[in-house]
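Taken in sequence, the protein lines are chains A and B. For the first sequence, numbering that gives the first Met the number 0 assigns the number 0 to the initial residue and increments by one for each residue that follows. For the second sequence, numbering that gives the first Met the number 0 assigns the number 0 to the initial residue and increments by one for each residue that follows. Even glycine gets a Cβ: it sits at the ideal position worked out from N, Cα and C. Note sheet for the following structure.
Protein chains: 2
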Amino acid sequence: MLTQSIQQLKNHKIRVTPQRQIILTYLVTHHNHPSVETIYQDLETQLPNLSLATVYNTLKLFVDLGIVIELQNGDAGTHYDFFGRPHYHVVCENCGKITDVFEPDLSSVEVKAAEISGYLVTGHNMEVYGLCPDCQKALGVTQPSDLKRLNLNLSHSE
Amino acid sequence: MLTQSIQQLKNHKIRVTPQRQIILTYLVTHHNHPSVETIYQDLETQLPNLSLATVYNTLKLFVDLGIVIELQNGDAGTHYDFFGRPHYHVVCENCGKITDVFEPDLSSVEVKAAEISGYLVTGHNMEVYGLCPDCQKALGVTQPSDLKRLNLNLSHSE
DNA sequence: TTTACTGCAAACTATTTGCAACTCA
DNA sequence: TGAGTTGCAAATAGTTTGCAGTAAA
């Protein structure tokens, strides 16, 4: 997984620097959908002189290569996820937690979209919104109709 | 369509100001996925004193109500789309064009995601990436393998 | 050796906020 | 009437960039 991604860098004649290796390793081994700031802080012991700009540049590079994808969860910054196996995300509209979901396979949607739109399709990104189990408990929500009495900034809750 | 949305504002006891009506009308009648700046400029003749902050605030309000959704197409700002009927988007990774697609219905994915994740699901957002017909022509791309020789910042193109 | 990369700080820019004036209900 | 809304300007904050020094290949 890591080796493959490093090979991918080499294939593109992109230098494999310690910073890139360490950031990539971090992403491969952490499935917590970190923000730039989180990555920066978590790596400061390993790479004391690491620059925030380098984290930005590196993530952008990985995104362009398709190794990593960008996610938004409603808070300020952008979050990142190693995309070794196709999947999509469910985002909690209350706490911002992001959960990976590996089913169903949505590649058929790409085919359908290509047919209808005439685009040459290269990929997709699916985000499902809702309330995570913890927030459901904390807020006393057990069914969709309960959402109506909440003052949350929940989209789609009419 | 417009009337329904205005009724929705009233239901939420949100004031129907001229700014809100005009911005809403603009969104209902324009399917060009405008940015904040585009909306602001297009409305300056109708509302000479309109503030950019008001456009931001109004759009945020509409998004929170689920009337409008936010989109990213790779350029700096955020784009907006009146969401009167569920659909998703195909985004051109070269020129940033956004195209609406109304099939297939993806509500089954919400059900599946809810089952797997335990979330109480309230909505979803699907984005498909690719090259629009115009850019395919302009770039001389006719099949997926042609993407490899391009120097575009296309994700997923390995 | 050489060219790409890093780190730092400054610059940039999309978005938010404070507040006084205003206005819809 | 008065609570919610607008407009303006200033503030904020995430991200990018310029450049000199550094290091991977």
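Between residue i and residue j, what straight-line distance do the alpha-carbon atoms span, to the nearest angstrom?
i	j	result
Thr-28/A	Cys-94/A	23 angstroms
Gln-167/B	Gln-18/B	Residue coverage of chain B in this structure runs from 0 to 157, which leaves residue 167/B outside it and unanswerable.
Val-15/A	Gly-122/B	40 angstroms
Ile-68/A	Arg-84/A	11 angstroms
Leu-51/A	Leu-26/A	16 angstroms
Cys-134/B	Lys-9/A	29 angstroms
Leu-151/B	Glu-92/B	Any reading at Leu-151/B is ruled out, since the residue's pLDDT is 49, under 50, leaving its predicted position unreliable.
Ala-137/A	Asn-56/A	38 angstroms
Pro-47/A	Phe-61/A	22 angstroms
Gln-40/B	Val-54/B	11 angstroms
Phe-81/B	Gln-20/B	13 angstroms
Pro-143/A	Glu-114/B	14 angstroms
Glu-43/B	Thr-24/B	14 angstroms
Glu-36/B	Met-0/B	24 angstroms
Leu-70/A	Asp-74/B	16 angstroms
Gln-45/B	His-30/B	19 angstroms
Taking 7 angstroms as the threshold (C-beta atoms), are residue j and residue i in contact?
i	j	result
His-124/A	Ile-97/A	Correcting the residue type first, residue 124/A is Asn in the shown sequence and not His. It is not a contact, given that the beta carbons lie outside the stated cut-off.
Val-127/A	Glu-109/B	yes
Pro-103/B	Gly-117/A	no
Ser-106/A	Ile-66/A	no
Measure the beta-carbon distance from residue i to residue j and round it to whole angstroms, keeping in mind my assumption that it falls under 8 angstroms.
i	j	result
Leu-49/A	Gly-129/B	35 angstroms between Cβ atoms; not a contact.
His-32/A	Tyr-87/A	Not really, about 12 angstroms apart at Cβ, beyond 8 angstroms.
Ser-34/B	Thr-77/B	7 angstroms
Asn-22/B	Ile-38/B	This sequence places Ile at residue 22/B; Asn is not what is there. Contact holds; Cβ gap of about 7 angstroms.
Val-140/A	Ala-112/B	The Cβ separation is near 17 angstroms, so there is no contact.
Leu-58/A	His-11/A	That pair is no contact at about 16 angstroms.
Is residue i a contact residue of the ligand ATP, with contact defined as CB to any heavy atom under 6 angstroms?
i	result
His-30/B	In the structure on display, the ligand ATP does not appear, and there are no ligands present to speak of.
Would you mind reading off the limits of the beta strand (DSSP E) that contains residue i?
i	result
Tyr-128/B	119-130
Val-100/B	97-100
Glu-69/A	67-70
Asp-80/B	78-81
Val-90/B	87-91
Start and end of the alpha helix (DSSP H) containing residue i?
i	result
Phe-61/A	51-64
Ser-4/A	1-10
Ile-13/B	Per DSSP, Ile-13/B belongs to no alpha helix (DSSP H) and is neither H nor E.
Asp-41/B	35-41
Ser-144/A	Element bounds for Ser-144/A: n/a, residue is neither H nor E.
Ala-113/B	106-116
Legend entry - Residues of the stretch 116-141 of chain B with Cβ closer than 9 angstroms to any Cβ of chain A, in chain order: Taking 9 angstroms as the upper bound on Cβ-Cβ separation, chain A lies near residues Ser-116, Gly-117, Tyr-118, Leu-119, Val-120, Thr-121, Gly-122, His-123, Asn-124, Met-125, Glu-126, Val-127, Tyr-128, Gly-129, Leu-130, Cys-131, Pro-132, Cys-134, Gln-135, Val-140, Thr-141 of the stretch 116-141 of chain B.
Legend entry - Members of the stretch 82-94 of chain B that neighbour chain A once the beta carbon cut-off is set at 8 angstroms: Tyr-87, Val-89, Cys-91, Glu-92
Inset, instruction - Scan the stretch 48-77 of chain B for residues whose Cβ lies nearer than 7 angstroms to a Cβ of chain A and list them as they occur along the chain. - result: Val-62, Asp-63, Gly-65
Inset, instruction - Anything in the stretch 3-19 of chain A with a Cβ closer than 7 angstroms to a Cβ of chain B? List those residues in chain order, please. - result: Residues of the stretch 3-19 of chain A whose Cβ lies closer than 7 angstroms to any Cβ of chain B: none.
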